[in-house]
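Residue numbers (the working numbering): 49 to 145. Beta carbons: idealized from backbone N, C-alpha and C, even for Gly. Everything numeric in this text was worked out from a predicted model, so none of it was measured.
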Amino acid sequence: MINYTVSWGKKKICVGGQAPILINQLVGCNGTSGVRECIEKIEMWELDNESPDIITDVSLRNDNEKKIWEYAVEKEQYIVGTVPIYTCCSKTNIEKN
49 MINYTVSWGK
59 KKICVGGQAP
69 ILINQLVGCN
79 GTSGVRECIE
89 KIEMWELDNE
99 SPDIITDVSL
109 RNDNEKKIWE
119 YAVEKEQYIV
129 GTVPIYTCCS
139 KTNIEKN
């Protein structure tokens, strides 16, 4: 099997059939937690040898605070992912055709 090496900041990972398993930490803001709490979760890994390889921002809020993924990118030790933020309409804004 062919393996590839991918570099992301200071992190290098192997991708392919014989590659080791990567650990993904999901963090995100919702109605009860803010950016500060999520950043604290990321910071707790800095001194740990078993830190995740990937951090994915799964926030449900899109406010004016610094985004979690932006903070993780600055750390340069993680591969960073995001999920799209979708806007939903309430039933009162939906019209029947």
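Notebook entry, point to check: So I87 and Y119 are in contact, right, with Cβ under 8 Å, and what is the actual spacing, rounded?
Noted result: Position 39 of the sequence shown, counting from 1, holds the residue named residue 87. Position 71 of the sequence shown, counting from 1, holds the residue named residue 119. Indeed, because the Cβ distance is near 5 Å, the residues count as touching under 8 Å.
Notebook entry, point to check: Which residues in the same chain as T53 place their Cβ atom closer than 8 Å to its Cβ, once the five residues preceding and following it in sequence are excluded?
Noted result: Taking the first residue of the sequence shown as position 1, residue 53 is located at position 5. Excluding positions up to five away in sequence, the list reads K60, I61, C62 and V63.
Checklist line | Inter-residue spacing [alpha-carbon to alpha-carbon] between T130 and L95 | finding: Here residue 130 refers to the residue found at position 82 when the sequence shown is read from its first residue. Here residue 95 refers to the residue found at position 47 when the sequence shown is read from its first residue. Spanning the two alpha carbons is a distance of roughly 24 Å.
Next item on the list: Assign C62 to one of three DSSP states: helix, strand, or coil.
Entry: Counting from one through the sequence shown, the residue named residue 62 turns up at place 14. In this structure, C62 counts as strand in the three-state DSSP scheme.
Next item on the list: Tell me where the alpha helix (DSSP H) around V83 begins and ends.
Entry: The residue given as residue 83 occupies position 35 in the sequence shown. Taken as a continuous stretch (DSSP letters only), the alpha helix (DSSP H) holding V83 covers V83 to E91.
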